[in-house]
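Since the structure comes first, as structure tokens, the remarks are kept for the end.
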């Protein structure tokens, strides 16, 4: 089922992610995001965007059943092609020229948290939410391009802490670190996100687009430079034998079962 898009205000569109139960990120998720933003550009050109999920999870990050076997095949060409598509998805959201607000309805892990950090403003429901960039402790190098997005969103010190050590943060800690700018009761989440997104009227979207581009200019320059590091090294880190063993360990911990793909000797 395609992601739903609903005009909840004359000039705000609410996009609800629903690729799978926890919005695990895989080729179907990426295709759904691009399809949603194609629709936004074609049918909702006067709208700011609120991005949300449903249930207890905003997005759980990479779909392990898809990605761990991919990394274990150790094909640098295949991993590079995968990352080109993944990178394009995040950059499309990060650089979107109209206001974007993440209405964080539940937990946001790894790539799912990066999706939230791609947005200009983040509002979360009050409750026992968890936030984590846990890639490194499970053997996934954080792409250099995403490091620049993370630093732009929350600042270098917080970015170092979140990215390198992969701890899980509750909502108060996430607020202190700048991951979340606002919190609200669950039944007020979408209303609060729509109110914030509507602060910029459509006739000011051109001014918003230019100002956003200017604010991101340093980050975009760094992203262009970081892309070379990703091309030269990322696929090797993803397919490193130690990384693959760490992937298998995390899979067993999370799924409670053995891996279904061959591991390097």
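In the working numbering, the protein residues as written are 69 to 333.
Heads up, the beta-carbon is just placed ideally off N, CA and C, and yes, glycines get one too.
Would residue i pass as a contact of residue j if the rule is Cβ separation under 9 Å?
{"i": "residue 152", "j": "residue 94", "result": "no"}
{"i": "residue 334", "j": "residue 83", "result": "Any property of residue 334 remains undetermined from this structure, which presents the chain solely from 69 to 333."}
{"i": "residue 264", "j": "residue 189", "result": "yes"}
{"i": "residue 127", "j": "residue 179", "result": "yes"}
{"i": "residue 226", "j": "residue 247", "result": "yes"}
{"i": "residue 319", "j": "residue 162", "result": "no"}
{"i": "residue 71", "j": "residue 86", "result": "yes"}
{"i": "residue 303", "j": "residue 182", "result": "no"}
{"i": "residue 231", "j": "residue 268", "result": "no"}
{"i": "residue 209", "j": "residue 311", "result": "yes"}
{"i": "residue 217", "j": "residue 287", "result": "yes"}
{"i": "residue 149", "j": "residue 199", "result": "no"}
{"i": "residue 222", "j": "residue 283", "result": "no"}
Using DSSP's beta-bridge definition, name the partner residues of residue i.
{"i": "residue 129", "result": "92"}
{"i": "residue 199", "result": "176, 237"}
{"i": "residue 117", "result": "81, 168"}
{"i": "residue 279", "result": "BP columns for residue 279 are empty, so no partner."}
{"i": "residue 252", "result": "193"}
{"i": "residue 122", "result": "125"}
Helix, strand or coil for residue i, going by three-state DSSP, please let me know.
{"i": "residue 75", "result": "strand"}
{"i": "residue 311", "result": "helix"}
{"i": "residue 300", "result": "helix"}
{"i": "residue 112", "result": "coil"}
{"i": "residue 284", "result": "coil"}
{"i": "residue 306", "result": "helix"}
{"i": "residue 182", "result": "helix"}
Check: For the 8 Å Cβ check, are there 3 or more pairs between the stretch 270-279 and the stretch 190-204?
Finding: No, the stretch 270-279 does not touch the stretch 190-204.
Margin query: Could you check whether the stretch 213-222 touches the stretch 292-308, counting it as contact only if at least three pairs of C-beta atoms, one from each stretch, sit closer than 8 Å?
Written below: In this structure the stretch 213-222 lies against the stretch 292-308, because at least three pairs of beta carbons, one per stretch, are closer than 8 Å.
Notebook entry, point to check: Would you call the stretch 170-188 and the stretch 107-122 touching, i.e. three or more CB-CB distances under 8 Å?
Noted result: The answer is yes - the stretch 107-122 touches the stretch 170-188, with three or more Cβ pairs under 8 Å.
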